[in-house]
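**Student:** Here you go, one structure.
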Amino acid sequence: MNSETVKKLNVPYLLSYILAPAAVTALCFFLGYTFFHDGGAGAAILFMVPPALSVLWWALGGKMIFKGKRKKLMNELERSGFLPNHTFDSDICTVVVDVEHGKIALIFFWNPFQNYVLPASRISKIWKDDGKTGMGPLTGSSRVSFLFTVDDIRIRVNTFTSNKRWRMDSDYILTGISKADMMAGVLTEAKERSV
Amino acid sequence: MGFLRKIRAVFHENWCNLCQSEMDVMHKQLYALPDLTVGHYSSHESPEYYRKHLVPVTKKAEIPAGIYACGLHAYRCPQCGHRRVQLTVFLPVREEEKTEEILFFDHGELDDLIYPRDCAGADLNQGNRRRQDSYESRLGGFYDYE
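What follows is the structure, given as structure tokens:
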């Protein structure tokens, strides 16, 4: 089990994820301008391929890394005797709960090279956020999540997100609320069983 | 008049589908359906499935979050004696209900549930069962209110 403080964000990883493709693209532009000033196949490759690869990297690279690390974490947990009673995959975080032994495992999208296996007793607070805003007929939400604090670090796990606002009685919002309520219950049970 | 009443009967679940009379509620019961959890709903039409997996509860608060529920209404027509069981499958979410489907059984398929002969059935406690859930994201075009 990890005893160190949970870090949701690995700043060097985040910066290199964003800036490295931009730097490579800028370098290729410079080389293309310097050595293929009059155009040609070399210029076309240096000016078109790196930006396209960068966009692909920004769109898919992080998801692929996170997915791979999440799979690795699950395999490690299985080998270590951790019972993954309940796994919840979110866009920015995966929470795995071993209710039997009162343990949780965490891995974050922006810190995928570090995973945390903690006793659930380190959770100090568990709550839900239905994202409800607006009044009267305009009441709605675009995000539902459950939250918990580990060592006073707040961890938000989305159960539903959208770029639109949905009515509070819409199927999407109700499903998101139900998932949040369920996971809050699972975490509470694990915390109660943790020594 | 008879034709109009038949059309109206389509919109009244508690009307007899044979003689279009209003039926009496003979039995009502709320059940938990622990086999179905939020995000993993699948439609079942077989009465055998419900006989096997429904767990009677007295109120919605007894059903753990994220577990589906079923409301059973057993009707009997006072005119022709026809019996019909209505099963509403829904997800209880705080004060709301997300209805998934409404099923009707006209041939006493769920009599074992209504008049149980033994108490062996599904268990509300799911024990060491493993669950895998994920968030849902809905992305649309223009930002509007739906």
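Chains X and A are the protein sequences, given in the same order. In terms of this note's numbering, the first sequence is residues 2 to 196. In terms of this note's numbering, the second sequence is residues 7 to 152. Ideal placement from N, C-alpha and C gives every residue a C-beta, glycine not left out. Predicted model, so just to flag it, every value in this text is computed and none were measured.
#1: Tell me, please, which residues DSSP counts as bridged to Ala191 of chain X.
#2: Apply the 10 Å Cβ neighbour rule to Leu145 of chain A and answer buried if 16 or more other Cβ atoms are within range, or exposed otherwise.
#3: Any residues in the region 76 to 92 of chain X with a beta carbon nearer than 8 angstroms to a beta carbon of chain A? Which ones, in chain order?
#4: Out of X:Ser55, X:Ala24 and X:Pro85, state which residue places its alpha-carbon closest to the alpha-carbon of Gln138 of chain A.
#5: On the three-state DSSP scale, how would you describe Phe111 of chain A?
#6: Specify the secondary structure class of Pro122 of chain A as computed by DSSP and reduced to three states.
#7: Mind reading off the beta-carbon distance from Leu47 of chain X to Leu57 of chain X? Whole number of angstroms is fine, and I expect it under 8 angstroms.
#8: Given a cut-off of 9 angstroms, decide if Thr162 of chain X and Glu142 of chain A are closer than it, judged by their beta-carbon atoms.
#9: Do you know offhand how far Ser76 of chain X's Cα is from Ile120 of chain A's?
#10: Any idea if Phe83 of chain X is buried or exposed, counting beta-carbon neighbours within 10 angstroms, 16 or more meaning buried?
#11: Which residues in the same chain as Ser55 of chain X place their Cβ atom closer than 8 angstroms to its Cβ, once the five residues preceding and following it in sequence are excluded?
#12: Tell me the DSSP secondary structure of Glu152 of chain A in three-state form.
#13: When burial is assigned at 16 or more other CB atoms within 10 Å of the CB, is Ala60 of chain X buried or exposed?
#14: Listed in chain order, which residues of the region 100 to 114 of chain X have Cβ atoms closer than 9 angstroms to some Cβ of chain A?
#15: Can you give me the start and stop residues for the alpha helix (DSSP H) that Tyr34 of chain X sits inside?
#16: From the DSSP output, read off the bridge partner residues of Lys104 of chain X.
#17: Please decide whether Asn11 of chain X counts as near chain A, where near means a Cβ-Cβ distance under 9 angstroms.
#18: Cα-Cα, which of A:Glu115, A:Arg100, A:Leu78 and A:Pro40 is closest to Ile108 of chain A?
#19: Against chain X, which members of the region 41 to 60 of chain A pass a CB distance test of less than 8 angstroms?
#20: Beta-carbon separation of Phe109 of chain X and Asp130 of chain X under 9 angstroms?
#21: List the residues that DSSP assigns as beta-bridge partners of Tyr81 of chain A.
#22: From the DSSP output, in three-state form, read off Asp139 of chain A for me.
#23: Which residue wins for smallest C-alpha separation from Leu39 of chain A, given the options A:Val31, A:Lys66 and A:Ile13?
#24: Run down chain A in chain order and give the residues with a C-beta less than 8 angstroms from the C-beta of Leu175 of chain X.
#25: Cβ atoms of Leu107 of chain X and Val96 of chain X: under 9 angstroms apart, would you say?
#26: For Ile69 of chain A, which three-state DSSP category applies?
#27: Can you tell which of X:Lys104, X:Ser195, X:Lys68 and X:Leu119 has the C-alpha that lies nearest to the C-alpha of Lys8 of chain X?
#28: Give the interface partners of Ser140 of chain A over in chain X, defined as CB-CB distance under 8 angstroms, in chain order.
#29: Would you check if there are 3 or more beta carbon pairs closer than 8 angstroms linking the region 74 to 91 of chain A to the region 20 to 38 of chain A?
#30: DSSP on Tyr56 of chain A, reduced to helix/strand/coil?
#31: So Lys75 of chain A contacts chain X; which residues on that side make the cut at Cβ distance below 8 angstroms?
#32: Does the structure place the region 175 to 188 of chain X close enough to the region 29 to 43 of chain X that three or more beta carbon pairs sit under 8 angstroms?
#33: If you run the structure through DSSP and keep just helix, strand and coil, what is Tyr37 of chain A?
#34: Would you tell me roughly how many angstroms separate the C-alpha atoms of Met184 of chain X and Val61 of chain A, rounded to the nearest one?
#35: Verify the CB distance criterion: does Asn164 of chain X have a CB-CB separation below 9 angstroms to chain A?
#36: Compute the Euclidean distance between the alpha carbons of Glu68 of chain A and Pro98 of chain A, then round it to the nearest angstrom.
**Tutor:** A quick look at the data gives this:
#1: Paired residue(s): none; Ala191 of chain X is not in a bridge.
#2: By the C-beta density criterion, Leu145 of chain A is exposed, having fewer than 16 other C-beta atoms within 10 angstroms.
#3: Of all residues in the region 76 to 92 of chain X, only Leu84, Pro85, Asn86, His87, Thr88, Phe89, Asp90, Ser91 and Asp92 come within less than 8 angstroms of chain A when Cβ atoms are compared, listed by chain position.
#4: Residue X:Pro85 is the option with its Cα nearest to Gln138 of chain A.
#5: Judged by DSSP in its simplified three-state form, Phe111 of chain A adopts strand.
#6: Reduced to three states, the DSSP call for Pro122 of chain A is coil.
#7: Contact between Leu47 of chain X and Leu57 of chain X fails: their C-beta atoms lie close to 17 angstroms from each other, not under 8 angstroms.
#8: Yes. Within cutoff.
#9: First, the amino acid is wrong: residue 76 of chain X is Asn here, not Ser. So the alpha carbons of these two residues sit roughly 46 angstroms apart.
#10: Of the residues assessed, Phe83 of chain X falls on the buried side of the cut-off, its CB having 16 or more other CB atoms within 10 angstroms.
#11: Correct list, in chain order: Pro22, Ala23, Val25 and Thr26.
#12: Summary for Glu152 of chain A: the model assigns pLDDT 46, below 50, so the residue's position carries little reliability; its value from the coordinates is reported in the next sentence. Residue state, collapsed to three classes: coil.
#13: Looking at its Cβ environment, which holds fewer than 16 other Cβ atoms inside 10 Å, Ala60 of chain X is exposed.
#14: Here the close residues are Val100 and Glu101.
#15: DSSP places Tyr34 of chain X in the uninterrupted alpha helix (DSSP H) bounded by Val12 to Phe36.
#16: Answer by DSSP bridge pairing, in chain order: X:Asp99 and X:Pro120.
#17: No, no contact with chain A.
#18: It is A:Leu78 whose Cα lies nearest to the Cα of Ile108 of chain A.
#19: Against chain X - using a Cβ distance shorter than 8 angstroms - the residues of the region 41 to 60 of chain A are Thr43, Val44 and Gly45.
#20: No, the Cβ-Cβ distance between Phe109 of chain X and Asp130 of chain X is not below 9 angstroms.
#21: For Tyr81 of chain A, the pairing in a beta bridge is given by DSSP as A:Val31 and A:Arg90.
#22: DSSP places Asp139 of chain A in strand when its eight states are reduced to three.
#23: Ranking A:Val31, A:Lys66 and A:Ile13 by Cα distance to Leu39 of chain A puts A:Lys66 first.
#24: Going along chain A in sequence order, the residues near Leu175 of chain X (Cβ under 8 angstroms) are Leu97, Val99, Glu102 and Lys104.
#25: Yes.
#26: Ile69 of chain A falls in the coil class under three-state DSSP.
#27: Cα-wise, what sits closest to Lys8 of chain X is X:Leu119.
#28: Here the neighbours are Phe89, Asp90 and Ser91.
#29: Put simply, the region 74 to 91 of chain A touches the region 20 to 38 of chain A. At least three CB pairs are less than 8 angstroms apart.
#30: In the three-state scheme derived from DSSP, where H, G and I count as helix and E and B as strand, Tyr56 of chain A is classed as helix.
#31: The sequence shown places Ala at residue 75 of chain A, not Lys. Under the 8 angstroms cutoff, chain X gives no residues; its nearest Cβ is about 11 angstroms from Ala75 of chain A.
#32: With the cut-off at 8 angstroms, the region 29 to 43 of chain X and the region 175 to 188 of chain X do not touch.
#33: DSSP places Tyr37 of chain A in strand when its eight states are reduced to three.
#34: Straight-line measurement puts the Cα of Val61 of chain A at about 22 angstroms from the Cα of Met184 of chain X.
#35: The Cβ of Asn164 of chain X sits closer than 9 angstroms to at least one Cβ of chain A.
#36: So the two alpha carbons sit approximately 11 angstroms from each other.
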